[in-house]
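Chains A and B, in that order, give the protein sequences.
Quick note: to get the numbering used here, add 2 to the position in the first sequence (first position is 1).
Quick note: to get the numbering used here, add 605 to the position in the second sequence (first position is 1).
Below is one structure, written out as structure tokens, with a few remarks after it.
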Amino acid sequence: MTTLFGVPVQALLGQLLVGLINGSFYALLSLGLAVIFGLLRVINFAHGAQYMLGAFVALLLATKAGIGYWFALLLAPLIVGGFGALVERTMLSRLYKLDHLYGLLFTFGLALTIEGTFRYFFGASGQPYAAPPALQGAVNLGFMFLPIYRGWVVIASLAVCIGVWLLIERTKLGSYLRAATENPVLVQSFGINVPLLLTLTYGLGAALAALAGVLAAPVYQVSPLMGSNLIIIVFAVVVVGGMGSILGAIVTGYMLGVAEGMTKVFYPEASNIVIFVIMAIVLILRPAGLFGKDA
Amino acid sequence: MKRVLLSAASVAALAAPALAQVSDDRVRIGILNDQSGVYADFGGQYSYQAALMAVEDFGGTVLDAPIDVVTADHQNKPDIASNIARQWYDTEQVDTIMELTASSVALAVQALSREAGKITITTGAATTELTGAQCSPLGFHWAYDTHALAVGTGGALVEQGGDTWYFLTADYAFGYSLEENTGAYVQQAGGQVLGSVRHPLATTDYSSFLLQAQASGAKVIGLANAGMDTQNAIKQASEFGIVQGGQRLAALLFTLAEVHGLGLEAAQGLTLTESFYWNRNEESAEFGRRFLERTGMMPNMVHAGTYSAVLAYLRAIEAAGTDEAEAVAAKLHELPVNDVFAQDARVAPNGRLISDVYLLEVKAPGESDVEWDYFNVLATIPGDQAYIDPAESGCSLVTN
């Protein structure tokens, strides 16, 4: 068998694919963060909690109401997005005039509160959530066994990432949003309801996190801690991609997923720090991030 | 003069019982463990509740002094745990620290307590180092250790023909100890260890590691990790068709709490080792139901072990007539342990509680008719076989 650095090429292909799958989650989560930061200038520490909420809403819909995966994929983001919008309207919006640090502290506190509440009611071990029957099983690709569900995650997250990017960069609504962040007073004077736009944006960010949560539910244990394990990595992804750059968040998400996957083959002990090492290097060489505009 | 003598005598009379017996007029037990992380169900608040239950069952006082229990979250960080332990000993009159989930934490706190002249009884951590090279005259280890897990789960699987192993190991003291013990046991039984991969604590995605284990071709994939890490690894292994491909998973440290979280559907058929199972006999079932009513969770071996450790500590104080650490430690070594958790058990010179452990198999969803009735008891392994012979433990306290 051909080998590369002592690792069989076939095994390497498998690891590349696994890296891409993880990258899909990173991309989807960092996309939501980038949207919120890019348009609201809020560092949303509650993102991990909103991701966890998405998974739990799917779980509760299934166990309490008998609503399956496909509807949960639609309903959970709507519910969590609505909750996000409510939080923005009643609490977060009061902090825009203050230093960014207040928004960060508020969302961090919110995340701790939500996670603590869920830990109280559901325990730390969490609960299982089954993949829909249509996506169970696996296909043999020759070099690896690919679970069908994981293939679906890659396709779904790519589609959503491209969709959101088009929405913000190519539609009229997106142009309003971008304009509103550049100069809210001017945009408001054209008769556009800027506070409503901001509420919708935060809701969209939260909904994206929840969508990632529903996608993750069959793969990971649905647990109150699932978000806090991931959120720091996702922040690193956003920083590497360039704070607020939507395209940067998406591309970097996939890239770092693959980098992490490769590390797990060659030096697994470093797999949980490799992303931060890359972040440090990028910050030294390009402080604005790979895709950020130099301020 | 007479008055002075009289008052001096009365002061002495008042002070005497306290001086002779219990320091600070109270016995305070600290339960220090992970209450918010991956091991929060494995031990967590439930261990604190188990300690409270033991105090209540003991009667709430010992040598006429009240008993209270304090608890804190060490977040699996040895430095945080050491700070809390120092603060407890120095300013909060804590007499002993127990539970100590996570081996790195237990080793740090046991060493610190030895210097401070305080007793520790570890129930939540697994490493055999606690009663091996790093043993302490004031350190005790209850409930289980990596050697017992290796003998139980490792032994059973080798016996069933699983003679080639690949390990997925948590990258810290506990994982190394578990991998080393199990690997040695497998080799002793004529098996072979093909390799291992180490993953950081609290990793969420195991697919890379699982693919490596799959590619190794080993018959058994040993999961030398714990808590949510093991749950995620098992769940994802089924996605990648590892069990369907003919390889077996060995969850080396897996308890009732994690089986409950994972669900019988995904956990069925797993072989595991615990030193306590609530539905083993009438007495354990009665204890289990009492615990469930109080906490909403059935006890695993860490919870029941903590209950036993607190009882043993209080009985030792009673027998010693004082809460002075060395006298109590001597009684802990001397007295047999008989309670709902351990029967006719004794403490070895290295501080290890020698009690039976059980080889268990997770039932299929259809087999389980009562809630929380998750295991079939496959075998009872006598303590002498489950734990290292104290003379070979490497502990310097053991004299032959």
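A virtual CB, placed ideally from N, CA and C, is assigned to each residue, including glycine.
Fewer than three pairs of CB atoms, one per stretch, sit closer than 8 Å, so the region 940-947 of chain B makes no contact with the region 839-852 of chain B.
In the displayed model, residue 984 of chain B falls within a strand according to three-state DSSP. Only residues of its own chain outside the window of five on either side were considered, and among them 784, 801, 827, 829 have a CB closer than 6 Å to the CB of residue 772 of chain B, listed in chain order. Counting only Cβ-Cβ distances below 8 Å, residue 837 of chain B has contacts in chain A at 222, 223, in chain order. The region 688-699 of chain B makes no contact with the region 659-667 of chain B; the number of CB pairs closer than 8 Å stays below 3. Here residue 69 of chain A carries a coil assignment [DSSP, helix/strand/coil]. Within a 10 Å sphere around the beta-carbon of residue 775 of chain B sit 16 or more other beta-carbons, which makes this residue buried. By alpha-carbon distance to residue 707 of chain B, the top candidate from B/750, B/842, B/998, B/979 is B/750. About 4 Å separates the beta carbon of residue 825 of chain B from that of residue 767 of chain B, a gap short enough to meet the 8 Å contact definition. Residue 254 of chain A counts as buried, since at least 16 other C-beta atoms from the protein chains shown sit within 10 angstroms of its C-beta. For residue 678 of chain B, the enclosing beta strand (DSSP E) begins and ends at 670-678. In this chain, residue 906 of chain B is not harboured by any beta strand (DSSP E); it is covered by the alpha helix (DSSP H) spanning 906-925. Contact between the region 832-840 of chain B and the region 851-868 of chain B is present, with at least three C-beta pairs closer than 8 Å.
Taking a Cβ-Cβ threshold of 8 Å, the residues of chain B close to residue 130 of chain A are 840, 866, 867, 868, 870, 871, in chain order. Listed in chain order, the positions of the region 15-49 of chain A with a beta carbon within less than 8 Å of a beta carbon of chain B are 16, 17, 20, 21, 23, 24.
For residue 802 of chain B, the enclosing beta strand (DSSP E) begins and ends at 797-804. Take residue 106 of chain A, set aside five residues on each side of it, and the residues of its chain with a beta-carbon closer than 7 Å to its own are 45, 47, in chain order. Here residue 960 of chain B is actually not in contact with residue 737 of chain B; their C-beta atoms are around 18 Å apart, not less than 8 Å. For the region 649-680 of chain B, the set of residues with a beta-carbon nearer than 8 Å to any beta-carbon of chain A comprises 649, in chain order. Contact between residue 675 of chain B and residue 660 of chain B fails: their C-beta atoms lie close to 12 Å from each other, not under 8 Å. Identification of residues in the region 134-145 of chain A having a C-beta nearer than 8 Å to some C-beta of chain B yields 140, given in sequence order. Residue 715 of chain B counts as buried, since at least 16 other C-beta atoms from the protein chains shown sit within 10 angstroms of its C-beta. Scanning A/199, A/42, A/167, A/256 for the CA closest to the CA of residue 98 of chain A turns up A/42.
The alpha-carbon separation between residue 230 of chain A and residue 236 of chain A amounts to approximately 10 Å.
In this structure, residue 858 of chain B keeps its C-beta atom at 9 Å or more from the C-beta atom of residue 965 of chain B. Assigned with DSSP and collapsed to three states, residue 151 of chain A falls in helix. By the rule that beta-carbons nearer than 9 Å mark a contact, residue 645 of chain B touches chain A.
Put simply, the CB of residue 159 of chain A is far from chain B, with every gap to its CB atoms at 9 Å or more. Against residue 76 of chain A, chain B offers no close residue; the least beta-carbon distance is about 24 Å (beta-carbon pairs closer than 8 Å). At a beta-carbon threshold of 8 Å, none of the residues of chain A lie near residue 965 of chain B; the nearest stands roughly 18 Å away.
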